[in-house]
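Step one of this worksheet: look at the structure below.
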Amino acid sequence: TIAARELEILTQRTRAVADEIIRESGVKLKYLVGTMVETPRAALTADEVAQVAEFFSFGTNDLTQMTMGLSRDDAGRFLPEYCDHDRTGIFDEDPFQSLDQAGVGKLVRMGIELGRQTRPKLKVGICGEHGGDPASVKFCHRVGMDYVSCSPYRVPIARVAAAQAAIEEDSERRATRKRTSASRRSSGKRAKKAKSAAKSRKRAKAKRKARR
Numbered sequence: 002t003i004a005a006r007e008l009e010i011l012t013q014r015t016r017a018v019a020d021e022i023i024r025e026s027g028v029k030l031k032y033l034v035g036t037m038v039e040t041p042r043a044a045l046t047a048d049e050v051a052q053v054a055e056f057f058s059f060g061t062n063d064l065t066q067m068t069m070g071l072s073r074d075d076a077g078r079f080l081p082e083y084c085d086h087d088r089t090g091i092f093d094e095d096p097f098q099s100l101d102q103a104g105v106g107k108l109v110r111m112g113i114e115l116g117r118q119t120r121p122k123l124k125v126g127i128c129g130e131h132g133g134d135p136a137s138v139k140f141c142h143r144v145g146m147d148y149v150s151c152s153p154y155r156v157p158i159a160r161v162a163a164a165q166a167a168i169e170e171d172s173e174r175r176a177t178r179k180r181t182s183a184s185r186r187s188s189g190k191r192a193k194k195a196k197s198a199a200k201s202r203k204r205a206k207a208k209r210k211a212r213r
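To convert, take the position in the sequence shown, counting from 1, and add 1; that gives my numbering.
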């Protein structure tokens with residue numbers, strides 16, 4: 002998708018065909034019409050796109066190409082050097098294998114946030130090789146995606162990574178609750194000490210007055 006208007010035109014055509022088939026077959030079928038988010042413009046105008054789209058599927062391979070101005074067909078010639086920490090260290094990982102979270106990931110996060118401002122229950126996912134990369138899957142979990150899609154042989158890796166991300170999030174929540182609880186107890190103790198000190202000062206003052 003490039004623009005919301007483009008998707009609006011395609012959605013009208015899609016629904017017309019789908020509804021005709023449903024009518025002719027006599028079979029009731031629920032379906033959603035959404036879009037691939039593969040261009041930076043689609044991510045940046047996701048609030049407008051979500052007025053039409055019922056789901057987003059981030060095509061991060063193409064989004065990486067367009068954001069970085071790289072072509073997968075040519076990148077193999079220089080990416081090994083770009084990813085070699087001893088030589089250049091331009092990239093930590095091959096951006097077509099592990100999502101560039103600082104750049105492309107920022108567009109993905111922005112697209113999700115903007116889309117859900119317009120459509121709070123917007124279904125969001127990712128498709129492509131990044132869907133089978135553990136670090137990328139954990140990123141998808143953090144930004145609130147509903148699913149990841151990847152090559153069949155990568156499914157076990159994706160499932161394990163998703164489970165690890167959920168466990169890590171749960172552990173972080175528990176740790177936060179413990180810190181909050183400890184902070185409240187500490188604040189309570191300080192308040193009691195302050196109250197006790199105030200009472201002591203008041204009694205001491207009363208005694209001094211009594212002596213006079």
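Where a beta carbon is used, it is the ideal one built from N, C-alpha and C, also for glycine. Treat the numbers as computed from the prediction; the structure is a model and nothing was measured.
Per the DSSP secondary-structure output, residue 92 pairs with nothing in a beta bridge.
Remark: C-beta atoms of residue 64 and residue 39 approach each other more closely than 7 Å. By the beta-carbon neighbour count (other beta carbons within 10 angstroms, threshold 16), residue 162 is buried.
With 16 or more other CB atoms across the displayed protein chains lying within 10 angstroms of its CB, residue 134 is buried. DSSP places residue 144 outside both helix and strand once states are collapsed to three, so it counts as coil. If you draw a 10 Å sphere on the C-beta of residue 50, you find 16 or more other C-beta atoms in it, and that means buried. Check the Cα spacing between residue 139 and each of 119, 99, 112: the tightest is with 99. With respect to the 7 Å criterion, residue 59 and residue 127 are classified as neighbours on the basis of their beta carbons. At least 7 Å separates the beta-carbon of residue 101 from that of residue 125.
In its chain, beyond the 5 residues on either side, 32 have a beta carbon closer than 7 Å to the beta carbon of residue 19. Each of 26, 79, 54 was checked against the Cα of residue 118, and the nearest Cα belongs to 54. If you draw a straight line from the Cα of residue 196 to the Cα of residue 176, it is about 30 Å long.
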